[in-house]
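Numbering (full-length UniProt numbering), first residue to last: 1 to 512.
All C-beta atoms in this analysis are idealised placements derived from N, C-alpha and C, irrespective of residue type, glycine included.
A quick note: this is a predicted structure, and the numbers were derived from the prediction, not measured.
Just below is one structure, and these are the notes that go with it.
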């Protein structure tokens, strides 16, 4: 049985640790992205994004197995059977090595043909693009075989180790970016090669940490056929969702390349960089909660599971809104300050991607719940089927004369439809109604979004143009409007009372 007081404290501690990690990564990441864009140039930056991103096309199989691995390792840890944990880890590790080998073979045959014959790459940069492709394949291989170790750290909720390794990773990437400004040979090839080196170092550190701290994290020649069937059953159905995710993420990138060339890929790359940074804030909160959702189901406590699902959904949205709304209102000024050169289409790419992120913040706890239950067939068939429509519908829209922003509008509309389906399906799996989710999550977040978005937009429109002073006032006011809306209409009276109690207790401790 879980000690819920201890579990809640661990969630709070892990969230705090992960946010410290995220703040550091944010500061360094924004700086390095600017330097990389300015050093490589728009064209080379776009080439790296589309070629490196194309490799991710082949990660759909790995993504499905990663989903199953995280679920089974967390599930068995909650049950406390060490022999079963050893078997689960070893079986998962062997599967991932096999999956990585299969993906490399496919990438070096079908994938290489596509890069050589279909992607739009300037002839004088084609050789460099091929080097980037090969380095990206090796980087992906290392990432795949690292997944069982990452899953082990998250299942044990050792977020401090996760944070330290991530900080080392981003510091090394900063060093690479600084070196990028002084190297005399091909900067694009150098950048891809150095990222491969960092990936290899990360893999070694994760392996050493897990081997020293977790008795079950040693690969043994154990292959449980029954466990393999269970894992591949979940992975098989999760595969549909992962294919959809890869297709609409990297597929839209390829579509933009085919219709508009690498310059538009550079604009998308900047928007995706913003997406990655912003996503980190909410994913840290969700990462701290996800193991508890799975463990609650493993011991049969559906009430706590419901509480965690609703809390993760609602507070993830609020955290994300506090960050995204100021960016959406003042996108142009923020991008101009951040980048010396702002590629065309970047502003609306960023705004639309941030809107999609708000929907995805609600979706993740529902997806984790589906994995915890293990009944993924209906969930993945419906949701994965809907998400697979993004790429063909976007292609049709572009063929009919749509502009680059059209693909993200298509993505946003289908994401909303998929969210509704997720709520209905998961509600039936774990016994909560759509009406309850509506009352606990959708109505509060909708009220907060409408109030904060309207007041912020009105202020932006009525204020005279005052340069950076106006931007500072608008951002500060947006944060105030959003925070006030969350406190007034976003949380319940009990939640406000609990929050005030925590603040009062913290204040008393600081004065003692």
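Hey, would you say residue i sits closer than 7 Å to residue j, going by beta carbons?
i           : j           : result
residue 197 : residue 149 : no
residue 568 : residue 275 : Past the edges of the chain, shown from 1 to 512, lies residue 568, and the structure says nothing about it.
residue 138 : residue 44  : no
residue 147 : residue 96  : yes
residue 401 : residue 448 : no
residue 313 : residue 362 : yes
residue 120 : residue 265 : no
residue 239 : residue 91  : no
residue 425 : residue 379 : yes
residue 255 : residue 48  : no
residue 152 : residue 116 : no
residue 200 : residue 142 : yes
residue 267 : residue 349 : yes
residue 359 : residue 415 : yes
residue 486 : residue 318 : yes
residue 331 : residue 174 : no
From the DSSP output, in three-state form, read off residue i for me.
i           : result
residue 374 : coil
residue 389 : coil
residue 43  : helix
residue 217 : coil
residue 326 : helix
residue 99  : helix
residue 463 : coil
residue 157 : coil
residue 444 : helix
residue 346 : helix
residue 224 : coil
residue 81  : coil
residue 278 : helix
residue 205 : helix
residue 396 : helix
residue 402 : coil
residue 341 : coil
For the candidate residues the options, whose alpha-carbon lies nearest to that of residue i?
i           : options            : result
residue 42  : 436, 341, 359      : 341
residue 409 : 252, 203, 113      : 252
residue 134 : 194, 446, 86, 157  : 194
residue 308 : 261, 137, 430      : 430
residue 404 : 453, 416, 353, 446 : 353
residue 272 : 406, 240, 46       : 46
residue 29  : 338, 384, 249, 443 : 338
residue 280 : 166, 268, 393      : 166
residue 71  : 291, 451, 350      : 291
residue 488 : 467, 469, 459, 452 : 452
residue 217 : 437, 481, 89       : 89
residue 161 : 456, 205, 386      : 205
residue 245 : 387, 495, 330      : 387
residue 136 : 327, 80, 459, 54   : 54
Go ahead and label residue i buried or exposed: buried means 16 or more other beta carbons lie within 10 angstroms of its beta carbon, across all protein chains shown.
i           : result
residue 492 : exposed
residue 1   : Since pLDDT at residue 1 reaches only 45, below the 50 mark, its modelled position is unreliable, and no value is offered.
residue 181 : exposed
residue 367 : buried
residue 178 : exposed
residue 156 : buried
residue 510 : Because the pLDDT at residue 510 is just 48, under 50, the model does not fix this residue reliably, and the value given afterwards should be weighed accordingly. Label assigned to residue 510: exposed.
residue 407 : buried
Regarding residue i and the ligand FAD, is the C-beta to nearest heavy atom distance less than 6 Å?
i           : result
residue 424 : Here there are no bound small molecules, and the ligand FAD is not part of this structure.
Spell out a yes or no on whether the region 18–28 and the region 215–224 are touching, meaning 3 or more CB-CB pairs, one atom from each, closer than 8 Å. no
Notebook entry, point to check: Should the region 24–39 be called in touch with the region 167–181, which here means at least 3 C-beta pairs below 8 Å?
Noted result: yes
>> With a threshold of 8 Å, are at least 3 pairs of Cβ atoms found where one atom belongs to the region 345–363 and the other to the region 473–490?
In response: no
Stretch pair the region 452–466 + the region 419–438: three plus CB contacts closer than 8 Å = no
Next item on the list: Spell out a yes or no on whether the region 291–303 and the region 369–376 are touching, meaning 3 or more CB-CB pairs, one atom from each, closer than 8 Å.
Entry: yes
- Message: Three or more C-beta pairs under 8 Å: does that hold for the region 66–78 against the region 231–240?
- Response: yes
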